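Chains as they are written, first to last, in my numbering: chain A, 141 to 672; chain B, 261 to 570.
Glycine is no exception: its CB is placed at the ideal position from the N, C-alpha and C atoms.
Keep in mind that this is a model prediction, so the values were computed, not measured.
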């Protein structure tokens, strides 16, 4: 390819010689891009996100090189696109790969230093420390403050985030019968009813500043807070000040683990090697849900494509015969394809509703029975395939109509001469020729459905739930991508980005393999090399 | 034309024995065929009619719905749900529509610019690694972007403090993320079309002293308008319908796009607000459906072009 193109290339290069004005303009743009990228990278680096900072610098350098090296001039045209791909597609992939080798997730989101600092914020009301009697006050803005008495005649005014102020009673204005000021600096003493309403919120507030924090211990008692977790660097361990238990750091797991196996509330982010990947294969070995999810993913994608293609081709053939209104009919039949997918799925979700949905109620009326979509895995899967058939067969109908017209009629004439009947002609001529044209789209459709998250999530949210699986909850209609989503963004269970990323990479290899296969299948690469 | 009709006729005839005359057999087959078509038409259009019926059903709830809505005596009755939807303070419907249009238009324009420039380069220039780059671009796009979402979310989270309009909960940030997918398939589509334009046109222009840029803007661009239109429609509708990323990035009700808004609306109270949802769904889907059906020839042409050619 390059040999043949070489002479042409040289003529082209001379023709693209640049004027000084153009060069100046280009330098200006490059300078601007680099300035912004470096400034951003510097700030992000300062925030501690080295990975992104480095990526930004690399992208900016790439843009510079492409635009200054003469031999790279064809790439100049793609600079915006390549930069976008680098930042928004390649960087996330690399980041995902990186995360897949770590334990990043709930409880392991921070570096060790950050985790220690965060745990240092946790306070507990020590039993031994100073204790106060307290009364609550609030100002017009609804902010609370406490009036504290330490039992030795000292009285204090405490606001959140500000140092405790000693205020002698005689300077506090009007006192009520208990000797408490009814108002102080715009804060009014809470009445009994207000107090009852505010109690729950009051218990969550830390009054006073970081040096001397005070919280409510009981209805009558407030006490000084103390820091619960202190890091002991000599032992490389967190020590719980309330219980005295030592939690040594387990560097391979990124957790602080006590002798009895309990973990401190926060761990940290560490590389854990291939653990996430071995977990995938262990899970496959030990009858985990992953095998069933995987098989259903394949089955869902396969049956979706086959049924949609078959119905689409069938309708294309049946409607190819010209009869009055056929064009209008075809336009009507592609409506499902034109409706935004999310809306279609929600319409179906309503129709499939087991209590009041039209499908269930009609079947109850006619047969006294309706499919238990939310409890029976078979019917849930059946419904999903049916909805996907509805969503995607019009597409194949359109494609097949177009492709059928591109098959030259002379082929059929030749077959007629040979005495082939229509059945033979369909299987030996129409279908093979059609498959050449539509084959890549079938594979593309398969990969699309392999990653089809919207339908699975919006129709049944993966349900009905599989019994006996560990968190996060897995459903019978979950496919790989929605299963993985539950690990990454799932509510309720713990979020495990590391494991989710590992599955994402496995999916990537499967889908990437299919895409490469598609290229081979269509011989597009060869075609491109010769002529394109 | 006659030829193609004939060929389709023969292909269609596949289902019945070719030699049989107009006997009972072929009548039965014809009836079966008609029945099949009717069943599929009902299957296809029933949900569409059902949602229209739900939208004009004044009772508004799912359990009260009948196929022919009850209690509709005037146009006013039909619009009960529409009014309820538009007057609902929880549903800033027109804000969502505007958000969707803004995000989709800007994304479409930028996508066109990015992919047209790349496609021109891929189509006209020969350079080392060209094939590999083309394949790589497409391969990168098949990475499940749902899972890249953690990274994308954190990306906006980290950029946001310094370039506020590209942060989380910003339309700019969402558009930025959409641009990650701008180059892949679109570049392929356009390159295929660019390839069909004879290179003699470029070469004669360059003999006359035109630069590549002048050739692209003044000669090639007008010729590739059809494929630009197809890519524009696909990008526009695709962005309009995108929902998963938008839901994660846009957090404020006022920032939501129409799809996010409708979905969250449904999540809240599905069966009771069914009529309102139906009205919203109908208003959201109708323009897109009209756009699609009126331009279906071009869209299908764009979708199948590469495939049918191969």
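For the options A/480, A/321 and A/494, the alpha carbon positioned closest to that of residue 494 of chain B is the one of A/480.
Residue 176 of chain A and residue 418 of chain B have their C-alpha atoms roughly 15 angstroms apart.
The Cβ of residue 290 of chain B sits no closer than 8 angstroms to any Cβ of chain A. Using a 10 angstroms sphere on the CB of residue 635 of chain A, the tally of other CB atoms reaches 16 or more, which defines it as buried. Boundaries of the alpha helix (DSSP H) harbouring residue 384 of chain B: 353-384, taken from the DSSP string. For residue 440 of chain B, the nearest beta carbon of chain A is closer than 8 angstroms to its own beta carbon. For residue 407 of chain B, the C-beta contacts it makes with chain A under 7 angstroms involve 236, 624, 628, 640, 641 and 644, in order along the chain. Secondary structure at residue 242 of chain A: strand, using DSSP grouped into helix, strand and coil.
Shown here for residue 524 of chain A: same chain residues with a beta carbon closer than 8 angstroms to its own, the five before and five after excluded, namely 440, 595, 596, 599, 600 and 617 in chain order. In the three-state scheme derived from DSSP, where H, G and I count as helix and E and B as strand, residue 380 of chain A is classed as strand.
With the rule of 3 Cβ pairs closer than 8 angstroms, the stretch 462-480 of chain A counts as touching the stretch 525-545 of chain A. Under the three-state reduction of DSSP output, residue 319 of chain B falls in the coil class, being neither helix nor strand.
According to DSSP, residue 490 of chain A shares a beta bridge with no other residue.
The stretch 372-380 of chain B makes contact with the stretch 435-455 of chain B: 3 or more CB pairs, one atom from each, lie closer than 8 angstroms. Between residue 245 of chain A and residue 638 of chain A, the CB-CB gap stays under 8 angstroms. The Cβ atoms of residue 480 of chain B and residue 380 of chain B lie closer than 8 angstroms to each other. Around residue 230 of chain A, the beta-carbon contacts reaching into chain B at under 7 angstroms are 400. For residue 543 of chain A, the enclosing alpha helix (DSSP H) stretches over residues 517-545. Along the length of the stretch 421-488 of chain B, whole alpha helix (DSSP H) runs at least 4 residues long occupy 431-439, 444-455 and 459-467, reported in chain order.
The straight-line gap separating the alpha-carbon atoms of residue 549 of chain A and residue 458 of chain A is approximately 18 angstroms. Counting of Cβ neighbours within 10 angstroms places residue 515 of chain B among the buried residues, the total reaching 16 or more. For residue 467 of chain B, the number of other beta carbons within 10 angstroms of its own is below 16, and it is reported as exposed. Under the DSSP definition of a beta bridge, residue 363 of chain A partners with A/271 and A/355. In the DSSP assignment, residue 387 of chain A falls within the unbroken beta strand (DSSP E) covering 386-390.
In the displayed model, residue 636 of chain A falls within coil according to three-state DSSP, outside both helix and strand.
Contact of residue 476 of chain A with chain B by beta-carbon distance below 7 angstroms involves 304. In this chain, the alpha helix (DSSP H) harbouring residue 600 of chain A covers 594-600. For residue 364 of chain B, there are no neighbours in chain A by C-beta distance under 7 angstroms, as the nearest C-beta there is about 12 angstroms away.
Residues are counted here when their Cβ sits less than 9 angstroms from a Cβ of chain A; for the stretch 473-492 of chain B these are 473 and 476, given in chain order.
For the 8 angstroms CB-CB criterion, residue 348 of chain A and residue 266 of chain A do not form a contact. In this model, residue 168 of chain A and residue 220 of chain A are separated by some 15 angstroms (Cα to Cα). Between the stretch 651-659 of chain A and the stretch 393-410 of chain B, the count of Cβ pairs shorter than 8 angstroms is three or higher; the stretches touch.
Its chain contains 369, 371, 387, 396 and 404 as the residues whose beta carbon lies nearer than 6 angstroms to that of residue 378 of chain A, once the 5 sequence neighbours on both sides are disregarded; these appear in chain order.
Close to residue 506 of chain A, with beta-carbon spacing below 7 angstroms, lies no residue of chain B; the smallest spacing is near 14 angstroms.
Taking 8 angstroms as the cut-off, the Cβ atoms of residue 483 of chain A and residue 541 of chain B count as close.
Secondary structure within the stretch 381-414 of chain B: not one fully enclosed beta strand (DSSP E) run of 3 or more consecutive residues is present.
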